[in-house]
Structures are given as C-alpha cells and as structure tokens.
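Visitor: First the structure, then my questions, so here it is.
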Amino acid sequence: MDHAADAHRTDLMTITRFVLNEQSKHPDSRGDFTILLSHIVLGCKFVCSAVNKAGLAKLIGLAGETNVQGEEQKKLDVLSNEVFVKALISSGRTSILVSEEDEEATFVEPSKRGKYCVVFDPLDGSSNIDCGVSIGTIFGIYTVKDRENPILDDVLKPGKHMVAAGYCMYGSSCTFVLSTGSGVNGFTLDPSLGEFILTHPDIKIPKKGKIYSVNEGNAKNWDEPTAKYVDKCKFPKDGSSPKSLRYVGSMVADVHRTLLYGGIFLYPADKKSPNGKLRVLYEVFPMSFLMEQAGGQAFTGKQRALDLVPKKIHERSPIFLGSYDDVEEIKALYAAEGKKE
Ligand SMILES: O=P(O)(O)OC[C@H]1O[C@](O)(COP(=O)(O)O)[C@@H](O)[C@@H]1O
Ligand SMILES: [Mg+2]
Ligand SMILES: [Mg+2]
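This is the structure we're talking about:
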C-alpha cells in the first residue's frame, strides 16, 4: 500500500464510525447496538474470507486450518452458522437466536444475555455455493421484552417491530447493507483495510423498474395474479417496453440488484408450495424492512409483508418486493382476484 497516497483515506466513513454517529443521536444509548453490530460485522468478514477460499478449501482448509488432508471439510453453511452463533453469543447483547440452520431457537444462558434477539440466515443462496456465484447472510434484530425471562414470542412478532435489518453479499465485492429504521445505507469491504466503508449512502429504490426477477421454471403451478403479472412484464399492453428478466437464485443477490436498479423480486406461492419457499423471519422480514426503508414495498399476495404475525420460527410466505409502482401493480391484480371469489 502507498501510505502517503492513502493518507487522505483516514477520513473515510467506516461502518463502526457510522453506527457510533447514529448512537450519539440517542443520548440514553449505552452502545449495546454498536457492540452487537460489530460482532455481526466480524462474522460477515469471517464468512467472506471462507467464501473467497471455498474453491481452495480441499487444499488449504477452511477456518484457517493449514493441513486438513483426509479431514472432511465443514460445509460452508454449517461453518457460517457456527461463526454467527459464536459471534452473537460472545457479544453479550443477545437473548434469543433464530437461525435457518437450527431447528429450535437458541436461548442464551443468563450470564451472557443482552437486550436483543437476532434472526438470521447464515448463508443464503445455497444452490450457488459450489459454483462461486454470489451468496450472502441475512439478519433481523428485535428487542427482548424481559431480559430475565426471554420467550419465543419475543421473536414471533411482525417484521415492522424489528429495530434493524440487513444483509451482507459475498459477491464480486463484499457489500453490507443496513437499516436501523431511518433509511438504508450500503458499505463495501476494503480488503486492504479490513473495514466496511460507506459507499452507498441513503439508498433509495427507483419508483419503477425495468427488471423482474422470479424462478419462471415454476410458472406451470402459479396462481392467476402471478401468471398475469409476469405475462404483463413480457407482453405489456400499454405500449411500454417489456421488462428484462434477471434471476440469480440467491435472494441476497436478487434483492440487492432490485434495491439498486429497481424492479420487482417475486417468490410466489404455487400449487406445490402454497406458502412459497422463503422464510418469514430471516428472509422475508429483513428484506421487506429494507425495501420499505428505501421507499419500495413488500407484499405477500394478501397483505403488507411486515404486518404478518409468524406463528412458527421457520414459517414461510410468498413475497413480492421492490419498486413502489411495480408492487402496486401486483397488489391490484391480487385485489381484483379477491373480488372474483
Ligand atoms: O432455487 P429456487 O427455487 O429458485 O429458490 C431460490 C431461493 O432459495 C434460496 O436459495 C433459499 O435460501 P437458502 O439457500 O438460505 O436455503 C434463496 O436465496 C433464493 O431466493
Ligand atoms: Mg436463504
Ligand atoms: Mg441459508
């Protein structure tokens, strides 16, 4: 690194500095959230490094092992889960953890408890892990009502009650996107500094987009409003240009592109999966929270996604999210369908 040329970079807005600035706006804050977030960020850096080395894992091992010949490698999603569970518990700021990888919620032992509950998908986009395509981590944060007595209802709450949500995308660059309920900000990892730097301040999703994103291989089983909507994207009758189709198959990557370029991401219900595929607590809610904070919308086919009240921690829901006007269109189609019934 050319230190003289890089001297000016010390005034960069790192994620820690950003969150400390936010914290200073709340005089009664004791820094618990800042500490929790720094542990999440550390987990993301660790997973980012493991993802970058994934193709070499058979040779050099993951998690810093140097000679693992003959030893079975940990799968990346299992490793990521361990990383986040440890990072979150050691923050001393959590009481309940819900991970996609664990059947049951984890209740943190009393001596390590704190005021937050974290729901997370440690590695999202599992079908893309082995071919080096973008994957990510998704998280949402609630507060616990009574720290002495955390209960499952502390996390079985509508997404609108989250105090923060975000994701980290392990792609051509490592990008961390965060909302604490007052807008959305994006940070990019500078590998030479090991710091996330604010690169996308105050992200606003375009009001209308030119891209739709869906697994069209499921079209045969879609309901009528979804089928009609996708047909309109391809054969618009109002003289506008057809939308482009982009589908990575990693929610983090598909939602990140939707957030920056505009458009709509759909994972609808179908005849085979009446509740869709994506999980309410750690996929649908955090992404819906970010979309609304960026000026977009998130809809389940029946209601505002953030109003859903989950009954189980791994519950699923159909989801349509993205640019305000594009989601308005699909809402109108579902409303018209409802009137027919
Ligand atoms: O392969 P499909 O059916 O299109 O599903 C893709 C969706 O499944 C997911 O991979 C599910 O997440 P996990 O990989 O965390 O299980 C999403 O990231 C993505 O949006
Ligand atoms: Mg996922
Ligand atoms: Mg996952």
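So the number in our numbering is just where the residue sits in the sequence shown, counting from 1, plus 577. Beta carbons: idealized from backbone N, C-alpha and C, even for Gly. Small disclaimer: the values here were computed from a predicted structure and weren't measured.
Determine the DSSP secondary structure at S606, reduced to helix, strand or coil.
Guide: coil
Visitor: From L633 to A627, what does the alpha carbon distance come to, in whole angstroms?
Guide: 10 Å
Visitor: If you measure from the CB of M746, is any heavy atom of ligand 1 nearer than 7 Å?
Guide: Checking the Cβ of M746 against ligand 1 gives no.
Visitor: Does the beta-carbon distance from T776 to G760 come in below 8 Å?
Guide: no
Visitor: From T591 to C625, what distance separates their C-alpha atoms?
Guide: 17 Å
Visitor: Just to check my reading of the structure: D731 and C694 have Cβ atoms closer than 8 Å, yes? What is that Cβ distance to the nearest angstrom?
Guide: Sure, about 5 Å apart at Cβ, within 8 Å.
Visitor: Go ahead and pull the three-state DSSP assignment for N852.
Guide: Of the three classes helix, strand and coil, the one that applies to N852 here is coil, per DSSP.
Visitor: Taking 7 Å as the line, does the beta carbon of D605 fall inside it for any heavy atom of ligand 1?
Guide: no
Visitor: Check whether the Cβ of L700 lies closer than 7 Å to any heavy atom of ligand 4, and answer yes or no.
Guide: Because ligand 4 does not appear in the structure shown, any question about it cannot be addressed here, the ligands present being ligand 1, ligand 2 and ligand 3.
Visitor: Going along the chain, which residues of its own chain have a beta-carbon closer than 7 Å to the beta-carbon of C621, five neighbours each way excluded?
Guide: In chain order, T714, C745, F753 place their CB closer than 7 Å to the CB of C621, counting only its own chain and leaving out the 5 sequence neighbours on each side.
Visitor: State the beta-bridge partners of V857 as determined by DSSP.
Guide: Answer is none; V857 lacks a bridge partner.
Visitor: List the whole-angstrom C-beta distance separating I841 from V886, where the pair is believed to meet the contact cut-off of C-beta under 8 Å.
Guide: In fact, because the Cβ distance is near 25 Å, the residues do not count as touching under 8 Å.
Visitor: Apart from the five residues just before and just after G641, which ones in its own chain have a Cβ nearer than 8 Å to its Cβ?
Guide: Model confidence at G641 stands at a pLDDT of 44, short of 50, so the residue's coordinates are unreliable and nothing is read from them.
Visitor: Are the beta-carbon atoms of I788 and G872 separated by less than 8 Å?
Guide: no
Visitor: Is D723 buried or exposed, if buried means 16 or more other CB atoms sit within 10 Å of its CB?
Guide: D723 counts as exposed, since fewer than 16 other C-beta atoms from the protein chains shown sit within 10 angstroms of its C-beta.
Visitor: For L597 and L867, what's the separation of their Cα atoms in angstroms?
Guide: C-alpha separation (whole angstroms): 20 Å.
Visitor: Below 8 Å, can you find three or more Cβ-Cβ pairs linking the region 874-890 to the region 736-751?
Guide: yes
Visitor: DSSP state of M590, grouped into three classes?
Guide: coil
Visitor: Between E677 and D707, is the Cβ-Cβ spacing less than 8 Å?
Guide: Contact flag unset, no.
Visitor: Please name the residue, chosen from D779, E772, G771, that lies closest to L925 on a Cα-to-Cα basis.
Guide: Since the first and last residues shown for the chain are 578 and 918, residue 925 lies out of range.
Visitor: Just list the residues that DSSP pairs N762 with in beta bridges.
Guide: DSSP, once it has assigned bridges, lists L755 as partnering N762.
Visitor: Pick from L619, S688, G691, Q600: whose alpha carbon is nearest that of E659?
Guide: L619
Visitor: Taking the straight line between their C-alpha atoms, what separation do you get for L733 and D588?
Guide: 41 Å
Visitor: Bridge partners for F866 per DSSP, in chain order?
Guide: Beta-bridge pairing links F866 to no other residue.
Visitor: Consider the C-beta atom of S703 and the heavy atoms of ligand 1; say whether any pair is separated by less than 7 Å.
Guide: yes
Visitor: Which residues mark the beginning and the end of the beta strand (DSSP E) in which S676 is found?
Guide: 671-676
Visitor: When the Cα atoms are used, what is the spatial distance from G816 to S900?
Guide: 20 Å
Visitor: With 16 other CB atoms within 10 Å as the buried threshold, where does D831 fall?
Guide: buried
Visitor: For the alpha helix (DSSP H) holding E905, just list the boundary residues, first then last.
Guide: 901-917
Visitor: For I673 versus V710, is the C-beta distance shorter than 8 Å?
Guide: no
Visitor: Of the choices V807, I896, T757, S818, whose alpha-carbon is the least far from that of K602?
Guide: If we check each option's Cα against that of K602, T757 comes out closest.
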